[in-house]
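Novice: Quick one: the structure is below, questions incoming.
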Amino acid sequence: MKAIDAPNYLKRMRLRYLWLRLGESVLWAVATMVLIFSVGLVMSLNIEWTVFIATSIGMVVFIGRCLVLGIFSVSDNRLTYFINQHYPQLEESADLLLAQKMDLTPLQQLQRQIVLARFEDLSTQIKLPHKLKQASFTLVIAAVLYVGLSSFVEQKDPLTINQLVKSGKEQIVAELPASIKKVSISIAPPSYTNLSKRVVTDVNLEVVEGSQVQWSIQFDGNIQNAFLLFSDNDSIALKQVNNDYAGGHYFIRSGFYQIGWREADEAVKYSDYYKIEVTKDYPPVITVNNVQQFIVLTQNDKLSVNVNALLTDDYGLKEAHIIATVSKGSGESVKFREEKLLFTAPEKVVGKQFKAYRLIDLKKLGLEPGDELYYYIEAIDNKMPAPNRSRTDTYFVSLQDTASDVSFSDGGLGVDLMPEYFRSQRQIIIDSEKLLAEKKKTSKQDFNSRSNELGYDQKVLRLRYGQFLGEEFESGIGIQQNFAEEDDDHDHDDENIAEKYGHVHDKENEHNHVQAKTETPQPKHQHHHTDPNKEESPLDAFLHAHDSDEEATFFAQSIKMKLKAAITVMWDAELHLRLYDPEKSLPYQYKALNLLKEISQDSRIYVHRVGFDPPPLKEEKRLTGDLSELRNSTYHYELIRQANYPSIRTALSVIQQRIDDPKSKFSPSDKQVFLKAGQELSVVALQNPKYIEQLSLLKALAENELTAPERKLILIKLQKAFWEILPLAPRAAGKEASARHALDQQFIKNLEALGNQ
Numbered sequence: 001m002k003a004i005d006a007p008n009y010l011k012r013m014r015l016r017y018l019w020l021r022l023g024e025s026v027l028w029a030v031a032t033m034v035l036i037f038s039v040g041l042v043m044s045l046n047i048e049w050t051v052f053i054a055t056s057i058g059m060v061v062f063i064g065r066c067l068v069l070g071i072f073s074v075s076d077n078r079l080t081y082f083i084n085q086h087y088p089q090l091e092e093s094a095d096l097l098l099a100q101k102m103d104l105t106p107l108q109q110l111q112r113q114i115v116l117a118r119f120e121d122l123s124t125q126i127k128l129p130h131k132l133k134q135a136s137f138t139l140v141i142a143a144v145l146y147v148g149l150s151s152f153v154e155q156k157d158p159l160t161i162n163q164l165v166k167s168g169k170e171q172i173v174a175e176l177p178a179s180i181k182k183v184s185i186s187i188a189p190p191s192y193t194n195l196s197k198r199v200v201t202d203v204n205l206e207v208v209e210g211s212q213v214q215w216s217i218q219f220d221g222n223i224q225n226a227f228l229l230f231s232d233n234d235s236i237a238l239k240q241v242n243n244d245y246a247g248g249h250y251f252i253r254s255g256f257y258q259i260g261w262r263e264a265d266e267a268v269k270y271s272d273y274y275k276i277e278v279t280k281d282y283p284p285v286i287t288v289n290n291v292q293q294f295i296v297l298t299q300n301d302k303l304s305v306n307v308n309a310l311l312t313d314d315y316g317l318k319e320a321h322i323i324a325t326v327s328k329g330s331g332e333s334v335k336f337r338e339e340k341l342l343f344t345a346p347e348k349v350v351g352k353q354f355k356a357y358r359l360i361d362l363k364k365l366g367l368e369p370g371d372e373l374y375y376y377i378e379a380i381d382n383k384m385p386a387p388n389r390s391r392t393d394t395y396f397v398s399l400q401d402t403a404s405d406v407s408f409s410d411g412g413l414g415v416d417l418m419p420e421y422f423r424s425q426r427q428i429i430i431d432s433e434k435l436l437a438e439k440k441k442t443s444k445q446d447f448n449s450r451s452n453e454l455g456y457d458q459k460v461l462r463l464r465y466g467q468f469l470g471e472e473f474e475s476g477i478g479i480q481q482n483f484a485e486e487d488d489d490h491d492h493d494d495e496n497i498a499e500k501y502g503h504v505h506d507k508e509n510e511h512n513h514v515q516a517k518t519e520t521p522q523p524k525h526q527h528h529h530t531d532p533n534k535e536e537s538p539l540d541a542f543l544h545a546h547d548s549d550e551e552a553t554f555f556a557q558s559i560k561m562k563l564k565a566a567i568t569v570m571w572d573a574e575l576h577l578r579l580y581d582p583e584k585s586l587p588y589q590y591k592a593l594n595l596l597k598e599i600s601q602d603s604r605i606y607v608h609r610v611g612f613d614p615p616p617l618k619e620e621k622r623l624t625g626d627l628s629e630l631r632n633s634t635y636h637y638e639l640i641r642q643a644n645y646p647s648i649r650t651a652l653s654v655i656q657q658r659i660d661d662p663k664s665k666f667s668p669s670d671k672q673v674f675l676k677a678g679q680e681l682s683v684v685a686l687q688n689p690k691y692i693e694q695l696s697l698l699k700a701l702a703e704n705e706l707t708a709p710e711r712k713l714i715l716i717k718l719q720k721a722f723w724e725i726l727p728l729a730p731r732a733a734g735k736e737a738s739a740r741h742a743l744d745q746q747f748i749k750n751l752e753a754l755g756n757q
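For the record, in the sequence shown the residue sitting at position 569 is 569 according to the numbering used here, with numbers rising by one throughout.
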């Protein structure tokens, strides 16, 4: 073996080991699945659940075996370690076969030549570890067990069926009456469905909404006439055509029907009830992909919106378009313009399913800064005569007017033009959390820009609330200390910006704004303190000022202090947003939100309930002691509940009596009870067609043409169906059971005994 072939041979050996271990794991997993199938076969479990459980456990066994063996971490070095441990002839130098000759020392090169010669002799003798034989043997045993159990179960089923047939307890299958020889039913679906016409012989029908059904019935013997009775109290007379009776009907809802005929002796007979299941034509389904509900654009953005939608329908689509409404102006001068936009792809709407695309150009629609676009997608199917329509939710596109967001102050007019719309504190919190969540995906420049915009929104909100405190300038909010009095001898390079311009909150008397008790009370009309560094105005001696700017509001003192504290916290929140640190700003934002909630609760006005003022009593009724019109606090109210399905409840008692006494016959009153129960059951069958079979069973009971075992089987089926129909009784208030002492129980018994005497 050449030196250059040794690494390749080791790699092929590693791949062979991987395939052996993977095959072993697959065999163990399949054997486990076969064993689970055998258990499910013996226990008669549902096949779907058995497949699901077997597949899940098989996957767990396969993955677990691979993890235990470390198949996914096998490397060439691990293989050489195994060879060194099991083949001492290589002198634990098999790893030299993987090394490059240039990287080895002369001594290692000599050892590599020796190992290479020995490895060439041992290459055919190296046996990789695996358990393929054990796994294969287990799989064979599991397969034999499954085949044996399946054969046993298959031999058992015919015996069970034969026993049921001999006992006469097999299910009764609805058949045509003996007087009806043949029934042929032609079903013609609506033309827009593109479904072909079909002919069936099954009297239980499944048709599409709007189908035309034509019956052709051949009777055995002479009859006078024939007709069809439907569940909606409609009936049609069948016309005789040669030896058959034919008639048709148009169906738009589910129900059931009967075949009736009048025999030559004037006797009228009816068939069993047969169901009619009508499949509805549902409206189109529209799925919009990759479109946001609300979009805000600026002039620097691409002024277009991509609309992608997937449209599906049962039988075909006829039309699909976009309804766009452009809103211009604001207030009373707002104007709306509606346009219908067709999809650019596909050009023609056809088929049951297709993808639609349209690029909405906002400039072509005439959108200007400050305008808004509302649009939704509408689809119409090909149903006739009245098509189904469906539409999506409305999507909004707003073209932001940046000019209206500029706030400036004119020196002559003193006007502050603020935007009419500003974000609430909750919206700023949501946007800040969203910005933090998208921090890794956003560039630093974009992140700082968005954080600065949130700081501006926080500023606008702070100024809005500051107006309620009488603050008219930004400088009057937040920072209240005089920076001119600060000590200028410290180092400005090491100071913290947040500490300099922020507010320290974790101090005593935080936000209480109450003077300490040790302070000397000021005179009643002493409103100003003298600042030695400030020049005194000559008018101060002649003025008598009572109200300050801070107290010139309509708020109570407690609400005003909370509002001032909220504005102060907003200042800190804005500061950290301006410093591009939304994470530190969030605690202040939440604190401001809680303060605003408290202010909202405190400022509410509660109307107290006015006490009841009874009318004066008449003189003739005073002091008479007449309590006939007064009710005690423990007055008993009798609650009358109207029972649902009274005839079915009565029929249940009759059914239970006949099940307990199977030899007794039905009386005329019992048949009348079953007739009324059938009327209530027919109403239920209109909503749930599965109870149509029970209508036929009631009819068979009324005719009383059954044997005793058949009648008992029908009674059991009817009893089960009636109990399913009856609704659960509402929970009524009652006295809770409580444990009584033995002496209390004996005392009550003695009282009852004395009362009976």
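Even for Gly, the Cβ is constructed at its ideal location relative to N, Cα and C. The model shown is predicted, which means the values in this text are computed figures rather than measured ones.
Nearest to D244 by CA position, among S179, K459, F256, is which residue?
Specialist: Answer by Cα proximity: S179.
Novice: Which of the three DSSP states, helix, strand or coil, is assigned to R622?
Specialist: Here R622 sits in coil by DSSP.
Novice: So, for L303: in the same chain, excluding its five sequence neighbours on each side, which residues have a beta-carbon less than 6 Å away from its beta-carbon?
Specialist: Taken in chain order, the residues that qualify are L362, K363.
Novice: Assuming the contact rule is C-beta atoms closer than 8 Å, I377 and R389 should be a hit. Round their C-beta distance to whole Å, please.
Specialist: The pair is not a contact, with the Cβ atoms about 11 Å apart (cut-off 8 Å).
Novice: What does the alpha-carbon distance come out to for the pair Y369 and N306?
Specialist: Reading off the sequence, residue 369 comes out as Pro, not Tyr. One C-alpha to the other measures close to 20 Å.
Novice: Evaluate the contact criterion for the stretch 335-343 versus the stretch 392-401: three or more CB pairs, one atom per stretch, below 8 Å.
Specialist: Result no; under three Cβ-Cβ pairs closer than 8 Å.
Novice: When the distance is taken between beta carbons, is A700 closer than 9 Å to D272?
Specialist: A contact, by the Cβ cut-off of 9 Å.
Novice: Measuring straight from C-alpha to C-alpha, what distance separates E372 and T312?
Specialist: So the two alpha carbons sit approximately 30 Å from each other.
Novice: Hey, L359 and Y465: beta-carbon distance below 9 Å or not?
Specialist: Result no, Cβ atoms of L359 and Y465 do not sit closer than 9 Å.
Novice: Would a C-beta distance cut-off of 9 Å place N194 and G316 closer than the cut-off?
Specialist: The answer is yes: Cβ separation under 9 Å.
Novice: Whole-angstrom Cβ separation of Y590 and I429, contact assumed at under 8 Å?
Specialist: Sure, about 7 Å apart at Cβ, within 8 Å.
Novice: Can you give me the Cβ contacts of S136 inside the same chain, cut-off strictly under 8 Å, excluding the 5 residues immediately before and after it?
Specialist: If we look at S136 and ignore the five residues flanking it on each side, its Cβ neighbours are L27.
Novice: Do G210 and F251 count as a contact pair if the criterion is CB distance below 9 Å?
Specialist: Cβ distance < 9 Å, so F251 and G210 count as in contact.
Novice: Considering only DSSP beta bridges, list what Q353 is partnered with.
Specialist: The partner list for Q353 (beta bridge, DSSP) reads T312.
Novice: If you compare alpha carbons, which of K621, P615, S558, R711 is closest to L596?
Specialist: L596 has its Cα closest to that of S558, out of K621, P615, S558, R711.
Novice: Just checking, does the stretch 564-577 make contact with the stretch 453-460 on the three C-beta pairs under 8 Å criterion?
Specialist: The stretch 564-577 is in contact with the stretch 453-460.
Novice: Might you give, ordered along the chain, the residues of its own chain that have their beta carbon closer than 6 Å to the beta carbon of Y580, omitting 5 neighbours on each side?
Specialist: Excluding positions up to five away in sequence, the list reads N448, S451.
Novice: For Y17, I'd like the list of residues in its chain whose CB is within less than 6 Å of its CB, leaving aside the five on either flank, ordered along the chain.
Specialist: Result list for Y17: L128, in chain order.
Novice: What would DSSP say about I286, mapped onto helix, strand or coil?
Specialist: Note: I286 maps to strand in three-state DSSP.
Novice: With DSSP run on the structure shown, which of helix, strand or coil describes F72?
Specialist: If DSSP states are grouped into helix, strand and coil, F72 belongs with the helices.
Novice: So for A226, helix, strand or coil by DSSP?
Specialist: If DSSP states are grouped into helix, strand and coil, A226 belongs with the strands.
Novice: In whole angstroms, what separates the C-alpha of I725 from that of Y192?
Specialist: Whole-angstrom Cα-Cα distance: 38 Å.
Novice: Cutting at 8 Å between CB atoms, please list the residues of its own chain near V654, excluding the five before and the five after it.
Specialist: If we look at V654 and ignore the five residues flanking it on each side, its Cβ neighbours are D670, V673, F674.
Novice: Using the beta-carbon count (16 or more within 10 Å), is P810 buried or exposed?
Specialist: Residue numbering for the chain in the displayed model covers 1 to 757; residue 810 lies beyond these limits and cannot be assessed.
Novice: What residue range does the alpha helix (DSSP H) around F666 cover?
Specialist: Segment: none, F666 is in no alpha helix (DSSP H) and carries neither H nor E.
Novice: In chain order, what residues of the same chain lie with their CB nearer than 7 Å to the CB of R21, ignoring the 5 residues before and after it?
Specialist: Here the set comprises L69, I71, H130.
Novice: If L297 sits next to V326, beta carbons under 8 Å apart, how far is it from one beta carbon to the other, in whole angstroms?
Specialist: About 14 Å separates the two Cβ atoms, so there is no contact after all.
Novice: Contact check, A264 vs I223 under 8 Å by CB: the rounded distance?
Specialist: With 8 Å as the limit, A264 and I223 qualify as a contact, their Cβ atoms being about 7 Å apart.
Novice: For P582, which residues from the same chain have a beta carbon less than 6 Å from its beta carbon, with the 5 sequence-adjacent residues on both sides left out?
Specialist: The residues are S432, L435, L436, S451.
Novice: From the DSSP output, which residues share a beta bridge with T325?
Specialist: T325 pairs with E338, Y374.
Novice: The beta strand (DSSP E) spanning L205 covers which residue range?
Specialist: Its beta strand (DSSP E) spans residues 205-208.
Novice: On the DSSP bridge list, what partners appear for F396?
Specialist: Paired residues: F294, Y374.
Novice: Looking at the unbroken alpha helix (DSSP H) that takes in S696, where does it start and where does it end?
Specialist: Element bounds for S696: 692-703.
Novice: Give the DSSP-derived three-state secondary structure of Y758 in the structure shown.
Specialist: The structure shown does not extend to residue 758, since the chain is modelled only from 1 to 757, so the question has no answer here.
Novice: Taking its Cβ as the centre, do 16 or more other Cβ atoms sit within 10 Å of K280, making it buried, or is it exposed?
Specialist: Exposed, since its Cβ has fewer than 16 Cβ neighbours within 10 Å.
Novice: Could you work out which residue in L463, S664, S696 is closest to Q679 when comparing CA atoms only?
Specialist: Nearest C-alpha to Q679: S696.
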